[in-house]
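K.L.:
Once you've had a glance at the structure underneath, I'll fire off some questions.
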Amino acid sequence: MRIAIIGAGVVGSLIARELTKYEAEIEIFEKYPDVGWGVTKANSGVIHAGYDDEPGTVRSKYCTHGNSLYTKLSYELGFPIKRTGSLVAAFDDEEVKVLEKLLDYGKKNGVEGLKILDKYESLEKEPNLSKMVIASLWAPSTGIIGPWEVAQAAIENAIDNGAKIHLSTEVKGIKKTNKKVLIEVDDRDYEFDFVVNASGLWADVLAESAGVKVTPLHPRKGEYILLDQSDLVRTVVFPVPSKAGKGILVLPTIHNTTLLGPTSEDLPPDWRDRNETTAEGIRKIIENTKKLVPSINLSKSIRTFAGLRPENDLKDFVVVKEENMVNVVATRSPGLTSAPAMAEDIANWIVGLRSLKLNKNFNPYRKPIPRPYEMEDEEKEKLIRENPAFGRVICRCNKVTEGEVIEAIKRGARTLDGVKLRTTAMFGRCQGSFCTVNIMKIIKRETGMDFEDIEKNLPSSKVVDGVLR
Amino acid sequence: MKMRYDVVVLGGGAAGMGAVKGAKDLDASVLLIEREPFTGGVLNQCIHTGFGLQVFKMELTGPEYHEFYRNKIGKFDALYETMVLNIDFDENKIKAMNSEGIHEIEYGALVLATGARERPFEALRVPGTRPAGIFTAGLAQKFVNLENHLPGHRAVIIGSGDIGMIMARRLFLEGVKIEGVYEIMPYPGGLTRNVAQCLEDFNIPLHLSTSVVKIHGKRRLEGVTVAKFENNSPVEGSERFIECDTLVASVGLIPENDLVKGKIEIGPDEGIFVDDLMRTNYENVFACGNNVCIHDLVDFTTTEGEVAGRNAAMVAKRESLPPRAGIIIAGSGIRILSIHYTTATEPFKLYVRVDKPMEIATVNVNDKPVKAAVNARPSEMIELTLNPQKIDLKGKIIVSAKGVKK
Amino acid sequence: MREIQMTCIICPVGCTLKVTLDDDGKFLSVKGNRCPKGEIYAKDEVTDPKRVLTSSVKVINGKMPLVSVKTDRSIPKRLIGEAMKVIKSAHVEAPVKVEDIIIENFLNTGANLIATRSVEKTKK
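Quick mapping for you: the protein sequence lines, in order, are chains A, B and C. Anchor point for the first sequence: position 462 equals 461 in numbering that gives the first Met the number 0, and the numbering is continuous, going up by one each time. Anchor point for the second sequence: position 3 equals 2 in numbering that gives the first Met the number 0, and the numbering is continuous, going up by one each time. Anchor point for the third sequence: position 27 equals 26 in numbering that gives the first Met the number 0, and the numbering is continuous, going up by one each time.
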């Protein structure tokens with residue numbers, strides 16, 4: 000049984016991994032040079048509790064369950080998660096009414112531990128919250144993760160369990176034939192028994208090519224500001240949601256920084272790669288987040304970026320299950336949170352349909368790249384003794400060692416972003432001005448690539464250009 | 000490994016090397032901890048002249064200054080490619096890591112000489128895309144001078160700090176087209192000498208009151224939009240597009256003190272507050288160089304380092320140093336002070352920066368004029384010698400500057 | 000007679016020099032210099048401006064690909080283009096010691112192009 004997964008973002012990679020629990024040939028097609036570089040790469044990294052989703056929507060079906068699956072998943076796949084909890088802050092009586100509605104949704108969706116806090120309880124949970132808050136909805140199960148880390152880990156585990164991945168391979172179209180499904184790639188076609196389309200921003204286009212009509216997508220941009228600060232907020236702080244969405248948040252990241260964002264801007268349908276930031280977007284972030292946390296110090300900003308989410312007019316996921324294809328479309332918020340639940344559900348569908356047997360050799364565990372900075376001294380010493388490269392720090396800001404960079408390259412990194420997203424090197428306060436040269440030296444040594452061959456991320460994003468002498 | 004030294008110096012750049020020498024001169028046992036495989040820090044990539052006028056009475060390039068000073072110091076113990084993980088200021092212990100494992104080092108006195116980092120261009124929140132081709136001036140300098148690679152072929156320089164102007168010249172001489180140097184303030188950010196010998200010499204345009212408002216190019220930089228700026232805001236309608244594939248940003252240096260935050264007294268500019276002995280708020284911890292305050296001339300970081308090293312050696316040998324007797328405060332007209340407390344014992348050099356250009360700046364200490372500086376600019380430090388015999392340096396000392404028209 | 004202004008670049012102080020020239024543009028006098036080097040600079044600047052040139056030369060078999068170099072005294076500014084051509088095509092074999100003469104009497108100026116750092120030979 001040959002199954003193709005299109006898209007190695009968080010949804011596609013978890014579906015692929017789920018399917019390797021069964022006897023089947025799994026092949027993943029990813030258009031970018033690395034995994035998790037689409038929607039997965041630029042979002043808030045929040046594992047939502049599940050009170051935002053109106054009961055009866057497709058997202059309400061997956062979000063709360065997905066949230067609970069993350070605990071086991073983070074343990075098996077070796078990526079960090081922090082259950083910071085979240086506060087939705089209300090500043091007037093109208094907003095308190097919204098909190099009550101969310102509490103109701105949450106209860107109906109099975110969210111545990113929800114509670115409406117008064118002003119003082121809110122400020123006790125979050126001392127830097129604006130003193131103008133009058134009440135907040137506390138959700139203890141909200142968590143933060145590094146979203147691309149899930150995709151990386153899931154793909155590594157899937158490959159370990161027998162899956163194959165084709166990177167830098169863009170699927171141009173899908174054709175259903177008699178019993179098979181054809182994946183059309185630039186120079187050839189691939190034949191499969193079943194195809195899962197989890198291609199994020201282009202999922203509707205690929206579904207259409209296979210004759211499956213879905214509500215069309217358009218990109219929705221979210222801009223962010225990143226602060227080099229770890230002690231601004233302890234929880235994920237939300238404003239009260241509006242028609243535009245969950246709003247502009249203030250949240251800690253799993254990497255000890257603080258994220259402000261996202262904005263919410265609907266773009267024309269063909270602007271699917273237009274992830275540039277705007278003066279207006281940045282201004283909006285500053286204005287809105289200062290209302291939530293007045294003590295925000297912008298001099299700590301180290302970066303701004305934007306991500307695109309695949310949105311449709313239904314404002315809901317669309318999962319079309321057929322006998323030889325599943326299309327996962329409009330994986331907008333809470334797509335990250337829902338991904339493990341969607342993977343489980345879709346895998347169950349395929350397994351049931353095709354009576355797949357269990358893979359007795361399935362190993363659920365994936366070892367993360369060792370991180371000496373986070374180890375106890377004895378563990379550090381042992382690791383360095385076995386491999387001295389883990390004692391040599393390359394990224395001063397985040398204390399990333401040469402051993403970690405080498406390991407990232409071993410696990411597939413060939414670009415600066417590939418190393419960055421697997422190690423957090425270049426993520427910190429100097430944004431790579433100290434470590435870039437050393438990282439490139441290691442890439443050169445491990446892969447044979449010359450400095451002039453090394454790209455920042457996408458093809459034609461070379462870092463340097465030409466030799467002096 | 001466990002070790003003990005009289006004096007431990009963190010950072011082997013221009014200031015740290017001074018501290019090593021200062022401590023050695025007083026026969027203290029000294030250990031240098033340095034994250035690179037060599038000393039010299041940024042001197043290794045500063046192949047231009049402008050170094051050594053005070054320390055060697057010659058004009059040298061950065062690498063010469065490094066090698067000559069290194070020879071002056073002689074032998075000393077050092078841990079290279081070693082990163083300090085944490086410092087226990089109560090137990091006087093440092094934990095450091097390198098490819099040989101974890102080291103625990105006990106010190107009699109510590110000198111912090113960790114220098115500065117560059118402000119990344121991304122911190123400016125300029126809207127647009129995030130392509131390859133954007134470099135801080137120091138990173139571009141490293142690629143060109145140490146790694147033999149050009150950053151690109153058509154460059155804009157954002158910020159007219161010294162390193163920006165120096166890189167403009169360097170890239171120009173290597174055949175890179177320099178579209179211009181863009182400075183948001185109405186005056187240059189670096190030394191006047193560099194405006195002359197880096198830009199005017201090669202007809203590289205310097206656009207004042209102008210900065211970048213948008214980045215273009217999905218994968219590699221394709222161009223920037225610049226606009227005129229007034230009161231830190233872009234002037235509507237003044238935007239123009241400049242085609243380029245490289246952006247070199249010289250937009251500020253920030254003292255690098257992440258390791259000691261929360262324990263060592265640090266000012267709002269992120270520099271360590273020291274007294275005229277280069278001593279921090281801990282009796283046996285000293286600091287020197289760019290992590291105290293961003294200097295213009297490397298020589299002064301070395302001489303500061305020598306003072307710090309000598310005093311650290313004295314403390315390590317249980318000699319008592321005089322306590323603080325006065326506090327220096329920046330009054331009107333002054334933005335930066337290199338020293339914030341005095342012991343009022345010996346004359347010492349205080350470096351200050353005015354907060355705006357002044358045709359003639361009269362610098363006052365408690366309303367008593369001590370120096371007049373012509374064409375004073377924030378980018379050019381003013382050196383004051385404060386002598387406790389001549390001025391009362393106890394209690395509150397306000398340093399202010401008043402601008403006078405010629 | 001007229002007066003022109005220039006910044007002396009001899010040392011980082013960068014004195015603002017006011018130079019008086021006669022009607023033919025010849026140097027008459029200078030003020031504003033804090034030391035005698037400023038007068039020499041001003042004289043040169045109006046007749047044949049000179050600059051110290053710093054750059055890099057390719058190293059063969061060295062632990063580093065380039066050695067930083069400088070002219071050991073200033074050379075006529077008008078020769079800089081030519082100088083860069085020569086520097087770009089030059090190379091030196093490691094080991095190099097700081098102050099080694101890479102090119103003697105560079106472009107017949109009387110100045111030498113010297114190494115400003117030492118570069119060790121690679122172990123191979």
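Glycine included, C-beta positions come from ideal geometry on N, C-alpha and C.
(1) Could you name the residues of the segment 41–66 of chain B whose beta carbon sits closer than 7 Å to any beta carbon of chain C, in the order they occur along the chain?
(2) Taking a contact to mean a Cβ-Cβ separation below 8 Å, would you say residue 110(A) touches residue 63(A) in this structure?
(3) With burial defined as no fewer than 16 other Cβ atoms inside 10 Å of the residue's Cβ, what is the status of residue 80(C): buried or exposed?
(4) For residue 137(A), report the span of its beta strand (DSSP E) as first-last.
(5) Checking contacts by CB at 8 Å: is residue 468(A) closer than that to chain C?
(6) Please report how far the alpha carbon of residue 89(C) lies from the alpha carbon of residue 67(C), in whole angstroms.
(7) Residues bridged to residue 326(A) by DSSP?
(8) Could you check whether residue 264(B) and residue 253(B) sit closer than 8 Å to each other, using their CB atoms as the reference points?
(9) Is residue 4(C) buried or exposed, if buried means 16 or more other CB atoms sit within 10 Å of its CB?
(10) Just list the residues that DSSP pairs residue 226(B) with in beta bridges.
(11) Please classify residue 193(A) as buried or exposed, where buried requires at least 16 neighbouring CB atoms within 10 angstroms.
(12) Output needed in chain order: residues of the segment 96–114 of chain C with a Cβ under 7 Å from some Cβ in chain B.
(13) Taking just the CA atoms, how far does residue 8(C) sit from residue 195(B)?
(14) What do you reckon, are the CB atoms on residue 4(B) and residue 29(B) nearer than 8 Å?
(15) Tell me residue 233(B)'s beta-bridge partners as DSSP assigns them.
(16) Name, please, each residue of chain C whose Cβ falls closer than 8 Å to the Cβ of residue 191(B).
(17) Can you list the residues of chain C that residue 274(B) reaches, using a CB-CB cut of under 7 Å?
(18) Looking at the C-beta of residue 464(A), does it have a partner C-beta in chain B at a distance below 8 Å?
(19) With DSSP collapsed to three states, give me the class of residue 313(B).
(20) Count Cβ pairs between the segment 97–115 of chain B and the segment 288–302 of chain B that sit closer than 8 Å; are there 3 or more?
(21) Who are residue 148(B)'s beta bridge partners in DSSP?
(22) Identify the residues that DSSP records as bridge partners of residue 359(B): which are they?
(23) Residue 196(B) touches chain C at which residues, Cβ-Cβ below 8 Å?
(24) Name the DSSP beta bridge partners of residue 247(A), please?
(25) Can you round the beta-carbon distance between residue 152(B) and residue 463(A) to whole angstroms, since I take them to be within the 8 Å contact cut?
(26) Using the rule of at least 16 other Cβ atoms within 10 Å of the residue's Cβ for burial, across every protein chain shown, is residue 331(A) buried or exposed?
(27) Near residue 96(C), which residues of its chain fall below 6 Å by C-beta distance, leaving aside the five closest residues on each side in sequence?
(28) If you measure between the beta carbons of residue 127(A) and residue 294(A), is that distance less than 8 Å?
(29) Within the continuous beta strand (DSSP E) that includes residue 345(B), where are the two ends?
(30) Mind checking if residue 62(A) is an interface residue toward chain B, Cβ cutoff 8 Å exclusive?
(31) I think residue 76(A) touches residue 156(A), with their Cβ atoms under 8 Å apart; what is that distance to the nearest whole Å?
(32) Strictly under 8 Å for the Cβ-Cβ distance: is residue 320(B) near chain A by that measure?
(33) What residue range does the alpha helix (DSSP H) around residue 50(B) cover?
(34) Looking only at its own chain, which residues have a Cβ that is under 8 Å from the Cβ of residue 251(B), when we skip the five neighbours before and after it?
(35) I need the boundaries of the beta strand (DSSP E) containing residue 218(A), first residue and last residue.
(36) Within a Cβ cutoff of 8 Å, which residues of the same chain sit near residue 302(A), ignoring the five residues on either side of it in sequence?
P.N.:
Based on what the coordinates show:
(1) 46, 47, 48, 49, 52, 58, 60, 62, 63, 66
(2) Along the first sequence, read from residue 1 onward, the residue named residue 110(A) stands at position 111. Along the first sequence, read from residue 1 onward, the residue named residue 63(A) stands at position 64. In this structure, residue 63(A) lies closer than 8 Å to residue 110(A) by Cβ.
(3) On the third sequence, residue 80(C) is found 81 positions in, with the first residue counted as 1. Exposed, because fewer than 16 other Cβ atoms sit within 10 Å of the Cβ of residue 80(C).
(4) Counted from its first residue, the first sequence places residue 137(A) at position 138. That run of the beta strand (DSSP E) goes 134–138.
(5) Locating residue 468(A) in the first sequence gives position 469, counting from the first residue. Yes, contact with chain C.
(6) On the third sequence, residue 89(C) is found 90 positions in, with the first residue counted as 1. On the third sequence, residue 67(C) is found 68 positions in, with the first residue counted as 1. So the alpha carbons of these two residues sit roughly 12 Å apart.
(7) Here residue 326(A) is taken as the residue at index 327 of the first sequence, counted from 1. Answer by DSSP bridge pairing, in chain order: 196(A), 319(A).
(8) Within the second sequence, the letter at position 254 stands for residue 253(B). Within the second sequence, the letter at position 265 stands for residue 264(B). For residue 253(B) and residue 264(B), no; Cβs fall outside 8 Å.
(9) Here residue 4(C) corresponds to residue number 5 of the third sequence, with the count starting at 1. Exposed, since its Cβ has fewer than 16 Cβ neighbours within 10 Å.
(10) Counted from its first residue, the second sequence places residue 226(B) at position 227. Residue 226(B) pairs with 210(B).
(11) As a position in the first sequence, residue 193(A) is number 194, starting the count at 1. Buried, by the Cβ-count rule.
(12) 97
(13) Counting from one through the second sequence, the residue named residue 195(B) turns up at place 196. Counting from one through the third sequence, the residue named residue 8(C) turns up at place 9. About 7 Å.
(14) Stepping through the second sequence from its first residue, residue 4(B) is reached at position 5. Stepping through the second sequence from its first residue, residue 29(B) is reached at position 30. Yes, these two residues count as a Cβ contact at 8 Å.
(15) Locating residue 233(B) in the second sequence gives position 234, where the first residue counts as 1. Beta-bridge pairing links residue 233(B) to 228(B).
(16) Residue 191(B) sits at position 192 when you count from the first residue of the second sequence. The answer, in chain order, is 6, 13, 15.
(17) Looking up residue 274(B) in the second sequence gives position 275. What residue 274(B) touches in chain C: nothing, since even the nearest Cβ is about 27 Å away.
(18) Within the first sequence, the letter at position 465 stands for residue 464(A). Yes, because at least one Cβ of chain B sits closer than 8 Å to the Cβ of residue 464(A).
(19) Position 314 of the second sequence, counted from the start, is the residue given in the question as residue 313(B). Correct three-state label for residue 313(B): helix.
(20) yes
(21) For the purposes of this step, residue 148(B) is taken as the residue at position 149 of the second sequence. DSSP, once it has assigned bridges, lists 466(A) as partnering residue 148(B).
(22) Against the second sequence, residue 359(B) aligns to sequence position 360. BP columns for residue 359(B) point to 373(B), 403(B).
(23) The residue you call residue 196(B) lines up with position 197 of the second sequence. Near residue 196(B) (Cβ distances below 8 Å), the residues of chain C are 8, 50.
(24) Taking the first sequence and counting its residues from 1, one reaches residue 247(A) at position 248. Residue 247(A) is not bridged to any residue.
(25) Mapped onto the second sequence, residue 152(B) falls at position 153. Mapped onto the first sequence, residue 463(A) falls at position 464. That pair is no contact at about 11 Å.
(26) Start at 1 with the first residue of the first sequence, and residue 331(A) comes out as number 332. Buried.
(27) Within the third sequence, residue 96(C) is the residue found at index 97, counting from 1. Answer for residue 96(C): 117, listed in chain order.
(28) Translated into positions along the first sequence, residue 127(A) becomes position 128. Translated into positions along the first sequence, residue 294(A) becomes position 295. The answer is yes: Cβ separation under 8 Å.
(29) By 1-based counting over the second sequence, the position of residue 345(B) is 346. First-last for residue 345(B): undefined, no H or E at that position.
(30) Residue numbering aside, residue 62(A) sits at position 63 when the first sequence is read from its first letter. False, the Cβ-Cβ gap to chain B never drops below 8 Å.
(31) Here the question's residue 76(A) lines up with position 77 in the first sequence. Here the question's residue 156(A) lines up with position 157 in the first sequence. Correct: roughly 6 Å between the Cβ atoms.
(32) By 1-based counting over the second sequence, the position of residue 320(B) is 321. No, because no Cβ of chain A sits closer than 8 Å to the Cβ of residue 320(B).
(33) By one-based count along the second sequence, residue 50(B) stands at place 51. Careful: residue 50(B) lies outside any alpha helix (DSSP H), inside the beta strand (DSSP E) at 48–50.
(34) Along the second sequence, one-based indexing puts residue 251(B) at 252. If we look at residue 251(B) and ignore the five residues flanking it on each side, its Cβ neighbours are 117, 118, 158, 160.
(35) Taking the first sequence and counting its residues from 1, one reaches residue 218(A) at position 219. Here the beta strand (DSSP E) through residue 218(A) covers 217–226.
(36) Locating residue 302(A) in the first sequence gives position 303, counting from the first residue. Result list for residue 302(A): 224, 225, 430, in chain order.
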